[in-house]
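Working notes, beginning with the structure itself.
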Amino acid sequence: MGTCFHKLNRTALTTAFAACMAVMGLGAAPPAFAADPSDQSIFELGPGQNCDEGGLTNILGDTTSCSSGTPSAGPDWADLFVVNPNGTVSTGNNLYGGVVARFIQDQPGNIADQTTYTSQGSDTNSQHPTEWTWTTASVPSKDDITNAYVYEKIVNGHRMLYVGAEREVPNGDSHIDFEFFQNNVGLDHTPPCPANTVCKFTGSNKDGDLLISMDFTNGGDFAGLSIRARHEGVKSKQVDTVLGKIATGDNYDLIGVVPAGCNFDLNGVHRVCAFSNGGTIDGGPWVNVDGQGNEIFSLQKNAFTEWGIDLTALNLTSSCFPSVLVKTRSSQSITAQLKDFALRDFENCSAAVKTAIRDGSENDITGSTNIVGGTVIHDSVVVTGSPTGGTPTGKVIFYRWDNKTCSGTPATTSAEIDLTAGGTDSNGNPTAVANSGTYTTIPGQDISYFASYGGGGFYPAVPLPSPVPSASCEPLGVTTLASSVFTRIRQDSASGAILNNTAVNTDVTGGTVHTVDVATVTATVGSSVTAVLGDAQCSNPTSAVPGSVTFSKYTTADCSALETPAVEYKCVGSTTFNNGTATATAVSSTNDLSGSAFLCLRAKYNGNAAYNASDLSDKEPLCAFPFVPFTP
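Taking mature numbering (1 follows the signal peptide of the UniProt record, and there is no 0), I'd label the letters of the sequence shown as residues -34 to -1, 1 to 598.
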C-alpha cells in the first residue's frame, strides 16, 4: 500500500494531462502518453508511480503530493467521499474544484439484489427506460455491480468526466455500461419491488444521452471502452474513424472504441484514458465484496477500472445529465440482455430562479408589510445554473398582481426581458440577472410579483404556474397614508369670512347669519404619490363612507352637547398635489344663527383605500347674539 493518501491510493484525479502514461501489465515497459503542449493541465489519472502502491494502478502522474500525503494536484477517489457509520457512502464537502461527485452502491447479488432487471430477455439498451422491468433477484457474480463512482470537473474550460468501477469477479468476461441521461430516470417503486407487481422505470431517453460501455474479455482483461450517443431510430452506423471499427447498436451512434490506455487521438491529442489495476490494491475505506458476497479489503488485478473523458474535446458538452445508470450486460453485444443496475442522480440540470422586490436603493423588501405608498420599486430575478451548464441564458417575464397572493389575473405582464450574466454565487455557480421596470406603489394597494423563466441551453423553462404556490409568490404590503383635517367656520360660503372663535352679531337684516363649516383634509405624500383623497363611490353619503367627511354639530360652545340631528356626511372634492402634500375639502350644509345662540363644530375625514381616517378636528366654538348699541 502506498503512502500518498489514506487507504484508497489507487486513483487520483488531477489537473496535469501532460504526464499521463500507462503500464499495460505488471513489469511491462511504460509507453509514453504524449500530450499536445498547447493542451497541458487537462487531466491525469493516478497520484504517481512512486507512491501509488508500486504503480499497480498502471497510471503514472503527479508525484508532488507523495511526501505531503495530500492530493495537491487532484483528489483521490477516497478524498471525494465520506463513509458513514451505517456503511453508506456520501459525497464529502470538498470536491477539489469539481462540479459533482457521486458514489454508486449496489447490493451484492449472490442472494437477493433488490435492483436487477427481470432477465426475461426483453430489457436491452436499445429500449426506452419505460419498457424496462426490474425486480429482486440473484445476479451472477460476473454481472453483479458493487461500487462505482463518478466525478466531473471543469478544467481550463474543458468538461472532464471521470468514472471508477469495482468488479466482484475480475477473472471472467463481463460488460458494464454507464449511461448518462438528459432526462430524469427513476423507478416507479421504492425498492424492493412489491410482490406480484411488474415494476418499471420512469423517465425517457433523449438524443444525445451518453452511453459508455466497458468490456472485459479474455479471462477478465480490460478490452477498453466504447462511447455512444443516443440517436433514436438509428439501426447501425460505421462512424469510428479513429480505429476503423464497425459497431452496430439500435438507437445509438458510435463515437469511438478506445483500448486500454490513453489511446483516443483527436487532432493529435489524446482525449480518453482508461485503465485497470495491474495487481492487488487496497480496496478503499468503503466495503468491497467478492463473488460470494463476503467483505474483502483488497481488489485483485483487473477488479478496479477507471476512465476519464474530455467531453469538450469530443463535442459532447451540449447536454446535462441529471441521472446516471450503471448496468451490466450478459454479453459484449450492446443489445444484449441487461442484468444488474444501480441508479443515481448526477448533475444539477435545472436552473434555480430566485426573485426579490427591491426599492430604489436595491434593498430586498420582499414580504414587507409596511411599505409606504409612493415607494418606487422593481422586481429582480437571479437565475442560477451549474458549472456544467454554464451561465443561464434566455428570457424572463415579470407578472404583478394587485394583491398579496399572486391570485387572479395579473394587473401587468412585462415583455420578455433578456438575462445578462451576473457572475458567480458563493458556491461558484454561474448566475444571470434581469430587472423589471419600475412601479410606484399606491397607498393601501398590496401587490405581489412572480417571474417566469423561458429556459435556455441546458436549463429547462420555469413557467408561470396556475395557481402560483405561496412559496413562489413575492408579496408586498403597502400601507395607507396618514391624514389630518382642520376646519374653518365661514360666513355665507366656503370662501366667506372666517368666524371661528368670534362673536357674531345677529342684529342684521333679516335677523339671521348664514355659516358653513369647511373641512380641509391634508396628507403628506411626497413627490410620487397621486392617490386622491376622495372616492368615486362617494355620492350623497348617509354614513361614513370612504372619501367622506363627518361633520358634527353641537349646541354648546364647548362642543359637549350634540344637536339633533347631530351629524351629516359630505364627500370631499377634487385632490390637489403641491410640494408633496395632497389636499381636498368638504363643505357642510348651511348653519343659520339668529338671536342668541352657541355653535360648536367638529369634523373628521373617514379615509379611503389610500389614506387612514383622520382624528376629530379641534373644537370650533361660535357665539351669536344681537349686538346692543352702546348709549352713553
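Here a beta-carbon is modelled for each residue, glycine too, at the ideal position from N, C-alpha and C.
So, is the C-beta of residue i closer than 7 angstroms to a C-beta in chain B?
i	result
S192	Within the model displayed, chain B is absent; a lone protein chain is all it includes.
By the three-class DSSP mapping on this structure, what secondary structure does residue i have?
i	result
D143	strand
L385	coil
W252	coil
P95	helix
A44	helix
D581	coil
V594	coil
V200	coil
T530	strand
C589	strand
C239	strand
L61	coil
A552	strand
D276	strand
C566	strand
D320	Looking at the sequence shown, residue 320 is not Asp but Lys. Correct three-state label for K320: strand.
T537	Sequence check: residue 537 is Cys here, not Thr. Three-state result, C537: strand.
S192	strand
T271	strand
A67	strand
I247	strand
F287	coil
C159	coil
T84	coil
M(-11)	In this prediction, M(-11) has a pLDDT of 26, which is less than 50 and means its spatial position is unreliable; what the coordinates show is noted afterwards. Looking at M(-11) - three-state DSSP - the assignment turns out to be coil, as it is neither helix nor strand.
K166	strand
Rounding to the nearest angstrom, what Cα-Cα distance links residue i and residue j in this structure?
i	j	result
P51	V135	27 angstroms
N574	C372	23 angstroms
Y117	K370	44 angstroms
F307	T271	17 angstroms
F182	P160	34 angstroms
residue 607	Y571	For residue 607 there is no data in the structure shown, the boundaries of the chain being -34 and 598.
P157	G333	42 angstroms
S7	V121	With a pLDDT of only 34 at S7, under 50, the local geometry of the prediction cannot be trusted, and no value is derived from it.
G374	T82	49 angstroms
T407	V362	22 angstroms
T335	P587	41 angstroms
A(-6)	G244	The predicted model places A(-6) with a pLDDT of 23, which falls under 50 and marks its position as unreliable, so this point remains unresolved.
R133	Q258	12 angstroms
L280	L265	32 angstroms
L220	S432	43 angstroms
S583	A576	20 angstroms
D581	D330	34 angstroms
E313	P358	15 angstroms
Could you check whether residue j and residue i sit closer than 7 angstroms to each other, using their CB atoms as the reference points?
i	j	result
F188	A226	yes
S552	A489	Sequence inspection shows Ala at residue 552; the Ser mentioned does not correspond to that position. Contact flag unset, no.
D276	M180	no
V511	K536	no
R366	T378	yes
residue 606	A523	Since the first residue shown for the chain is -34 and the last is 598, residue 606 is missing from the structure and cannot be characterised.
N150	G169	yes
C439	S414	yes
T301	S88	no
R454	V484	yes
A590	V470	yes
T472	L559	yes
R568	C504	no
D139	V105	no
Return yes when the C-beta of residue i is under 6 angstroms from any heavy atom of the ligand GDP, and no when it is not.
i	result
N545	Among the components modelled here there is no ligand, and therefore nothing to report on the ligand GDP.
Check whether the segment 343 to 352 touches the segment 385 to 404, counting contact only when three or more Cβ pairs, one atom from each stretch, lie closer than 8 angstroms.
yes
Ignoring anything shorter than 3 residues or poking outside the segment 473 to 522, list the beta strand (DSSP E) runs there in chain order.
478 to 490 and 514 to 520
What are the start and end residues of each continuous beta strand (DSSP E) run of 3 or more residues lying completely inside the segment 101 to 137, in chain order?
111 to 121 and 124 to 133
Within 8 angstroms, do at least three Cβ pairs link the segment 305 to 322 to the segment 419 to 432?
yes
If you pair each beta-carbon of the segment 428 to 446 with each one of the segment 328 to 343, do three or more pairs fall below 8 angstroms?
Contact between the segment 428 to 446 and the segment 328 to 343 is present, because at least three Cβ pairs lie under 8 angstroms.
Hey, which unbroken runs of the beta strand (DSSP E) at 3 residues or more fall wholly within the segment 364 to 429?
386 to 390, 396 to 401 and 413 to 419
Segment contact, 8 angstroms Cβ cut-off, at least three pairs: the segment 108 to 124 with the segment 66 to 76:
The answer is yes - the segment 66 to 76 touches the segment 108 to 124, with three or more Cβ pairs under 8 angstroms.
Contact between the segment 477 to 489 and the segment 323 to 336 (3+ Cβ pairs under 8 angstroms):
no
Does the contact criterion of 3 or more C-beta pairs under 8 angstroms hold for the segment 287 to 297 versus the segment 399 to 412?
no
Taking contact to mean at least 3 C-beta pairs separated by less than 8 angstroms, is the segment 280 to 293 in contact with the segment 140 to 147?
yes
Any chance the segment 241 to 260 sits against the segment 46 to 61, with 3 or more Cβ pairs inside 8 angstroms?
yes
Would you mind listing the beta strand (DSSP E) stretches within the segment 440 to 472 that are 3+ residues and don't spill past its ends, in chain order?
440 to 442, 450 to 457 and 469 to 471
Go through the segment 294 to 363 residue by residue and report every complete run of the beta strand (DSSP E) that reaches 3 residues or more, in order.
304 to 311, 318 to 325 and 342 to 350
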